[in-house]
Amino acid sequence: MTFIFSLLADTLRVLCQPLHIFGALGSFFAYKVFYALYLSPFRNIPGPFWSRISGLPALYHELRGVEPELMISRTEKYGSIFIIDPERVGICDPEIAQTLLLSHAYLKDKRYGNIVVFEPNVFLTIDPELNKQRRRQLGPAMTLANLRHMEPAILDVGTKQLHKKWDRDIEQSEDGQKARVCYQRDFMLMSFDIISSLGFGQAHTSLTSGDTRIAKWVHSTLVVMYLQAVMPIFNFGLFRRFIAKSLYDNVDAFISLGTQAVDNRRRYLSTLSTDEDKPKDILQSYIEAEDPKSRIRMTPSQVVTETIINLLAGSDTSSNTLAWTIHLLLLHPQYYSRIVMEVREAFAPGHLINYSDCKASLPFLEACIYEAMRLVPVVTTMPRSMPRGGATFNGHFIPEGYTCSISIPGCNRNPETWENPHAFYPERFLNNEANKKQMLTFSVGVRVCPGKTLAWMEILPILANVLSKYDLELPGDALFTPDRVDKKGLPVLMPGVAAGARVPRFPERDCVVLVSKRS
Ligand code: HEM
36 MTFIFSLLAD
46 TLRVLCQPLH
56 IFGALGSFFA
66 YKVFYALYLS
76 PFRNIPGPFW
86 SRISGLPALY
96 HELRGVEPEL
106 MISRTEKYGS
116 IFIIDPERVG
126 ICDPEIAQTL
136 LLSHAYLKDK
146 RYGNIVVFEP
156 NVFLTIDPEL
166 NKQRRRQLGP
176 AMTLANLRHM
186 EPAILDVGTK
196 QLHKKWDRDI
206 EQSEDGQKAR
216 VCYQRDFMLM
226 SFDIISSLGF
236 GQAHTSLTSG
246 DTRIAKWVHS
256 TLVVMYLQAV
266 MPIFNFGLFR
276 RFIAKSLYDN
286 VDAFISLGTQ
296 AVDNRRRYLS
306 TLSTDEDKPK
316 DILQSYIEAE
326 DPKSRIRMTP
336 SQVVTETIIN
346 LLAGSDTSSN
356 TLAWTIHLLL
366 LHPQYYSRIV
376 MEVREAFAPG
386 HLINYSDCKA
396 SLPFLEACIY
406 EAMRLVPVVT
416 TMPRSMPRGG
426 ATFNGHFIPE
436 GYTCSISIPG
446 CNRNPETWEN
456 PHAFYPERFL
466 NNEANKKQML
476 TFSVGVRVCP
486 GKTLAWMEIL
496 PILANVLSKY
506 DLELPGDALF
516 TPDRVDKKGL
526 PVLMPGVAAG
536 ARVPRFPERD
546 CVVLVSKRS
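All you need for my numbering is the position in the sequence shown, starting with 1, plus 35.
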């Protein structure tokens, strides 16, 4: 026994000598390089050297939230398909993206399956059959016809609440005329309020009440989901009970809010007589939802899960789209003035502009939002796994199990599809249905965003009413102004970070505007 220990100790001592350690690391590195350059299925795909060797550079960029910018610059350098890491390629070609998205042949990346915060749901499932069933159950809630019933609630909690907050800010400002507001923060709380009110069945007013618990729960849940996706170990008891206890407590509080909302609604329904109208909101639509094929309905906990998923998928996305649109308009004063004129010529002061008003009378406003969504899409990456037998794109074979990561910003700025792709040029969406279809911001195909119509129903009227009622002005200390341009002569955009949605990196600094009642 002693002999064995001393033999092991001697071997370890020899192995641990610096020269041997360097030798082993050097051989390992040489093998990695040799494999990447001569054996890897990606050896002929363009891309940076280090991304061929290791996944660390990609992880580093992902953690810093700069992947979208990187994908745009890599498309310019390497073309529409390039290496992200040894098992993942980036796709910035809208046609390849369409192929990947149009059927269930290319499943969502297995990382989604690592997330076990909730029971299986429409967003996270990688099982096509569950996704199809859930979409058949949830689809009717999100049709334009059904959402129209909810529009009064959307206007109340959205536009009217925002007006109340900004009017109060103006009243309390130093001169009683002009308030300094952080529009990104206000849009974010307002969006949480809209989806919470529709999904939990009672008005939520965090924007004006200052009760921001739901926003905190949503953000904790997104962090937990992200950490579980990249590090499945994060779901173990040690993390749940000790290391990340407060994050997990927030998730539990969020789920219990949903459970209570469903219970309350069921109790309320049991008190209704047959001639009384049922509430018209997403919660009610989900409780009644039935898959027309299997006749299966959702259980109460499935209703809760899907409602929470809507909050996670639909709040930061809509609110930050609004924020980027305002930012882009303030950097392009010619377009800002043009839509202000369009809105004010079409509607008298005090008129509450609804979704149908916008669709009928504000084509340029809609074009500006499309262009902001194209230029700064808030969802940035859609990773898809290659099926059995792999697939070939642009002559490059991607084997089974490897991942194609569709970059929405990369596709939306592909120079072969979009003329002058980096410029904010809303005219490209005026009377141009083909361009609207090319834009990938809401995805396309079998897993296209089911909340697309709801998002438009929020974004269009909110912007129209803001521009109708208020004058907006960049403050004197703004860092990003129309005069600050890049080498191409285009205004420099505030920095963003991909954290779930692509959000402004410093909203309190860069999303500030002076608001006054319209002159
Ligand atoms: C401007 C706002 C929005 C944008 C840009 C957006 C974008 C997207 C994109 C690109 C996807 C596809 C992701 C993927 O396949 O990996 C998606 C999926 C989804 N979105 Fe949205 N979204 C927005 C608003 C909303 C809203 C308001 C809701 C609901 C209230 C919502 C609910 C969902 C759900 C549930 C999915 C998953 C669908 C599935 O996997 O079958 N989204 N969204």
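For each residue, glycine too, the CB sits at the ideal point set by N, CA and C.
Since the structure is predicted, the reported quantities are computational estimates derived from the model, not experimental observations.
| Query | Result |
| --- | --- |
| Using alpha carbons as the reference points, say which of 186, 214 and 97 lies closest to residue 549. | 214 |
| If we call anything under 8 Å between Cβ atoms a contact, is residue 339 one with residue 293? | yes |
| Assess, as a yes-or-no matter, whether the region 324-332 is touched by the region 165-184 under the definition of 3 or more beta carbon pairs within less than 8 Å. | yes |
| Would you report the Cα separation of residue 161 and residue 114, rounded to the nearest angstrom? | 29 Å |
| Taking 8 Å as the threshold (C-beta atoms), are residue 477 and residue 354 in contact? | no |
| Cβ-heavy atom distance between residue 417 and the ligand HEM below 7 Å? | yes |
| Within the same chain, show all residues whose beta-carbon is closer than 8 Å to that of residue 553, passing over the 5 residues directly before and after it, in chain order. | 379, 384, 503, 504, 505 and 506 |
| So is residue 546 buried or exposed if we call it buried at 16+ other beta carbons inside 10 Å? | buried |
| For residue 438 versus residue 123, is the C-beta spacing smaller than 8 Å? | yes |
| How big is the Cα-Cα spacing for residue 100 and residue 305? | 48 Å |
| Over the uninterrupted beta strand (DSSP E) stretch that includes residue 57, give me the two end residues. | Counting along the chain, residue 57 falls outside any beta strand (DSSP E), though it belongs to the alpha helix (DSSP H) covering 53-69. |
| Name the residue from 377, 407, 408 and 406 whose alpha carbon lies nearest to the alpha carbon of residue 393. | 377 |
| Does the region 457-477 touch the region 400-411, meaning 3 or more C-beta pairs lie closer than 8 Å? | yes |
| In three-state DSSP terms, what is residue 501? | helix |
| Assuming residue 387 is part of the alpha helix (DSSP H), what are its boundary residues? | Looking at the DSSP string, residue 387 is not in any alpha helix (DSSP H), and its letter there is neither H nor E. |
| Measure the C-alpha to C-alpha separation of residue 302 and residue 246 and round it to an integer number of angstroms. | 26 Å |
| Based on DSSP bridge pairs, tell me the residues matched to residue 507. | 550 |
| Can you check the region 336-413 for any alpha helix (DSSP H) of at least 4 residues that lies completely inside it and give the ranges in chain order? | 368-381, 390-396 and 398-410 |
| Among the residues of its own chain, which have a CB less than 6 Å from the CB of residue 120, if the five just before and after it don't count? | 86, 90 and 93 |
| Following a CB-centred definition, is residue 166 positioned closer than 7 Å to any heavy atom of the ligand HEM? | yes |
| Output the distance between the C-alpha atoms of residue 418 and residue 186, rounded to the nearest integer angstrom. | 34 Å |
| DSSP puts residue 427 in a beta bridge; with which residues? | 432 |
| Quick check: what's the CA-CA separation for residue 341 versus residue 216? | 33 Å |
| Determine whether the beta carbon atoms of residue 601 and residue 82 lie at a separation below 8 Å. | The question about residue 601 has no answer here: the residues shown for the chain are numbered 36 through 554. |
| Leaving out the 5 sequence neighbours to the left and right, which residues in its chain are closer than 7 Å to residue 389 when beta-carbon positions are compared? | 186, 190 and 496 |
| Starting from residue 140, follow the beta strand (DSSP E) in both directions and report where the run begins and ends. | Residue 140 -> no beta strand (DSSP E), and no H or E assigned at all. |
| Does the distance between the C-beta of residue 443 and the nearest non-hydrogen atom of the ligand HEM fall short of 7 Å? | yes |
| When the distance is taken between beta carbons, is residue 234 closer than 8 Å to residue 307? | no |
| Tell me whether residue 183, by its Cβ, gets closer than 7 Å to a heavy atom of the ligand HEM. | no |
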